[in-house]
Amino acid sequence: MVVSRSPVASLLFMVATLASTAGIFVILEAHFLAAVQIMVYAGAIMVLFLFVIMLLNLGHEYQRDIRGNIAVLVGFAVTGGIGGLLLRQLEGSTGGLETNLGPGDAIDAALLEHGAVGAIARPLFTDYVVPFELTGILLLVAIVGALVLAKKAS
Amino acid sequence: MLAESLVLAGIIFVVGTLGVIVRRNVIIMFLCIELQLNAVNLTFVAFSRYVGIEGQIFVFFVIAVAAAEAAVGLAIIISIFRHYETVNVDNFNLLKW
Numbered sequence: 690m691v692v693s694r695s696p697v698a699s700l701l702f703m704v705a706t707l708a709s710t711a712g713i714f715v716i717l718e719a720h721f722l723a724a725v726q727i728m729v730y731a732g733a734i735m736v737l738f739l740f741v742i743m744l745l746n747l748g749h750e751y752q753r754d755i756r757g758n759i760a761v762l763v764g765f766a767v768t769g770g771i772g773g774l775l776l777r778q779l780e781g782s783t784g785g786l787e788t789n790l791g792p793g794d795a796i797d798a799a800l801l802e803h804g805a806v807g808a809i810a811r812p813l814f815t816d817y818v819v820p821f822e823l824t825g826i827l828l829l830v831a832i833v834g835a836l837v838l839a840k841k842a843s
Numbered sequence: 008m009l010a011e012s013l014v015l016a017g018i019i020f021v022v023g024t025l026g027v028i029v030r031r032n033v034i035i036m037f038l039c040i041e042l043q044l045n046a047v048n049l050t051f052v053a054f055s056r057y058v059g060i061e062g063q064i065f066v067f068f069v070i071a072v073a074a075a076e077a078a079v080g081l082a083i084i085i086s087i088f089r090h091y092e093t094v095n096v097d098n099f100n101l102l103k104w
């Protein structure tokens, strides 16, 4: 995805990545989030990206746009540093992560009792209702902002 | 299961970071930022099995904010493209002094 020359091919690889992540969400017992991932991410947001690529007429832009050697070197250095730090964190937790965190059944009871959607909806509409409403306001602001930005200056 | 998910999320995050640094096409850079968000989501979901449902709720919020961010970011890209007729970030030097 990162090295593909065509933006459309890059975007389709991204959709494949998001769909695979949704599959992993299912394996990790997050069925509702897997559905949201497919519908919102792979469906809506990626179509938005594709629409912008189409609108800007970039579908047949095949020249190389990867930066020069120094930037690539810096990129690999930075990503190597981040990757090394992440790996070190993972290695540093001796005795295995699972034993430190306890058994992996923290959400099994909620899933059994309320189902895949109810287990998320119940805390979302009780304990986290204020952030939920704020998300709604944020989306409204984003709609208005996007309209104002993309509107032709008259 | 947790360790594998974390390793995969780390790999996805690193690939996304590399894409943001080495590419010049602003849409691809934006797409790579979404990839990074996705890696973080995967980490949250992996940990939520051990810590509680709050991780999944946070992923829900992250997806909503990512949608808002994508809409505003793409609108900015469109308005910049209208001005410069390009998506190459090297040509966006309006704020450079």
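Line order of the protein sequences matches chains A and B.
With our numbering applied, the first sequence covers 690 to 843.
With our numbering applied, the second sequence covers 8 to 104.
Even glycine gets a Cβ: it sits at the ideal position worked out from N, Cα and C.
Presumed contact (8 Å Cβ cut-off) between residue i and residue j, rounded CB distance
| i | j | result |
| --- | --- | --- |
| B:A16 | B:L49 | 4 Å |
| B:I64 | A:L813 | 6 Å |
| A:P792 | B:N32 | The pair is not a contact, with the Cβ atoms about 46 Å apart (cut-off 8 Å). |
| A:L823 | B:V66 | In fact, because the Cβ distance is near 16 Å, the residues do not count as touching under 8 Å. |
| A:M728 | A:V704 | With a Cβ gap of about 13 Å, A:M728 and A:V704 do not count as contacting. |
| B:V14 | A:L779 | 7 Å |
| A:T710 | A:M690 | With a Cβ gap of about 13 Å, A:T710 and A:M690 do not count as contacting. |
| B:Y57 | B:L9 | 7 Å |
| A:P641 | B:F68 | This structure does not reach residue 641 of chain A, given that chain A is present from 690 up to 843, and the question cannot be answered. |
Among the options, the one whose alpha carbon lies nearest that of residue i
| i | options | result |
| --- | --- | --- |
| A:I844 | B:G62, B:N100, B:E92 | Since the first and last residues shown for chain A are 690 and 843, residue 844 of chain A lies out of range. |
| B:V79 | A:F738, A:I759, A:I716 | A:F738 |
| B:V94 | A:D794, A:V767, A:I742 | A:I742 |
| A:S856 | B:G26, B:V52, B:N98 | Missing from the structure shown is residue 856 of chain A; chain A here goes from 690 to 843 and no further. |
| B:L44 | B:V58, B:V96, B:L102, B:T24 | B:T24 |
| A:V692 | A:R811, A:E822, A:Q752 | A:Q752 |
| A:N758 | B:I18, B:I40, B:A73, B:V29 | B:V29 |
| A:R756 | B:I19, B:I35, B:E11, B:M8 | B:I35 |
| B:A46 | B:F67, B:I18, B:A73, B:I60 | B:I18 |
| B:E11 | A:L717, A:T706, A:L707 | A:L717 |
| B:I40 | B:S55, B:A77, B:F68, B:Y57 | B:A77 |
| A:D816 | B:M8, B:I60, B:A73 | B:I60 |
| A:G834 | B:V58, B:F51, B:L9, B:I85 | B:I85 |
| B:A73 | A:K840, A:G825, A:L836 | A:G825 |
| A:F740 | A:V761, A:A724, A:L701 | A:L701 |
Cβ pair residue i, residue j closer than 7 Å
| i | j | result |
| --- | --- | --- |
| A:A808 | A:A798 | no |
| A:L827 | B:A75 | yes |
| B:V21 | A:I713 | no |
| B:A82 | A:L747 | no |
| A:L745 | B:F37 | no |
| B:N100 | B:Y91 | no |
| A:A731 | A:A708 | yes |
| A:A810 | A:H720 | no |
Contact set between the region 728-741 of chain A and chain B, restricted to residues whose Cβ is under 8 Å from the partner: V729, Y730, A733, I734, L737, F738, V741
Runs of alpha helix (DSSP H) wholly within the region 38-98 of chain B (minimum 4 residues, chain order): 61-91
- request: With a floor of 4 residues, list each alpha helix (DSSP H) that falls wholly inside the region 693-770 of chain A, ordered by position along the chain.
  value: 696-716, 720-725, 735-744
- prompt: At a Cβ cut of 8 Å, what residues of the region 695-707 of chain A count as close to chain B, listed as they run along the chain?
  reply: P696, S699, L700, M703, T706, L707
query: Using a Cβ cut-off of 7 Å, which residues of the region 816-827 of chain A contact any Cβ in chain B, in chain order?
result: Y817, P820, T824, L827
- request: For the region 745-757 of chain A, enumerate the residues whose C-beta is nearer than 7 Å to any C-beta of chain D, in chain order.
  value: Going by chain labels, chain D is absent from the structure shown, which instead holds the protein chains A and B.
query: Could you give the uninterrupted runs of the alpha helix (DSSP H) lying entirely in the region 791-835 of chain A, keeping only those of 4 residues or more?
result: 797-814
- request: Give, in chain order, every residue of the region 61-86 of chain B whose Cβ lies closer than 8 Å to some Cβ of chain A.
  value: E61, Q63, I64, V66, F67, F68, I70, A71, V72, A73, A74, A75, E76, A77, A78, V79, L81, A82, I83, I84, I85, S86
message: Output needed in chain order: residues of the region 48-60 of chain B with a Cβ under 7 Å from some Cβ in chain A.
response: L49, V52, A53, S55, R56, Y57, V58, G59, I60
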